[in-house]
Amino acid sequence: MVKVNLVPEEGVPIAVEKDIAMMSKLIEFKIDDLGIDRNIHLPEVKKATLEKVIEFCEHHLVEPLQEIEKPLRTNNIKDVVSKWYGDFVDVKIEELYEIILAANYLDIKPLLEVTC
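This is the structure we're talking about:
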């Protein structure tokens with residue numbers, strides 16, 4: 001499997017499978033522009049947040065997020081998505097905020113969908 005080096009704010013590269021990385025429209029654009037062999041710098045994303053984003057993307061490839069019916073029929077996200085996705089967003093508000101910012105910056109629609 002082809003890997004891509006993603007470099008978060010802290011500067012330490014994280015090797016990620018290309019299929020996972022390409023879920024981000026920003027990364028897809030950077031790979032098309034720079035090539036697969038170059039490090040993809042993501043100065044707006046912290047390492048811990050990038051690891052959570054990668055975890056989401058890996059899971060999403062195995063169990064895609066089903067479309068979330070709107071308007072929401074409840075305020076509890078765990079009632080409208082599978083257990084894994086509900087547990088994924090059940091984090092401290094500060095961490096959730098960082099994930100939302102990263103999802104927006106990286107342009108990952110399913111992650112924005114489940115976090116917003």
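Using UniProt numbering, the first residue of the sequence shown is number 1, and each one after it goes up by one. Just so it is clear, CB atoms sit at the ideal spot from N, CA and C, and this is done for glycine as well.
{"Check": "Three-state secondary structure assigned by DSSP to Glu-94", "Outcome": "helix"}
{"Check": "Contact test: Val-7 Cβ vs the ligand NAD heavy atom, cutoff 7 Å", "Outcome": "Of the ligands one can find in the structure shown there are none, so the ligand NAD has no counterpart to examine."}
{"Check": "Secondary structure of Val-7, DSSP reduced to three states", "Outcome": "strand"}
{"Check": "Simplified DSSP state of Val-16, which is helix, strand or coil", "Outcome": "strand"}
{"Check": "Sheet register partners of Ile-27 (DSSP bridge)", "Outcome": "Bridge partners of Ile-27: none, in fact."}
{"Check": "Element boundaries [alpha helix (DSSP H), containing Val-112]", "Outcome": "Rather than Val, the amino acid found at residue 112 in this sequence is Leu. Note, Leu-112: alpha helix (DSSP H), 109-115."}
{"Check": "Simplified DSSP state of Ile-36, which is helix, strand or coil", "Outcome": "coil"}
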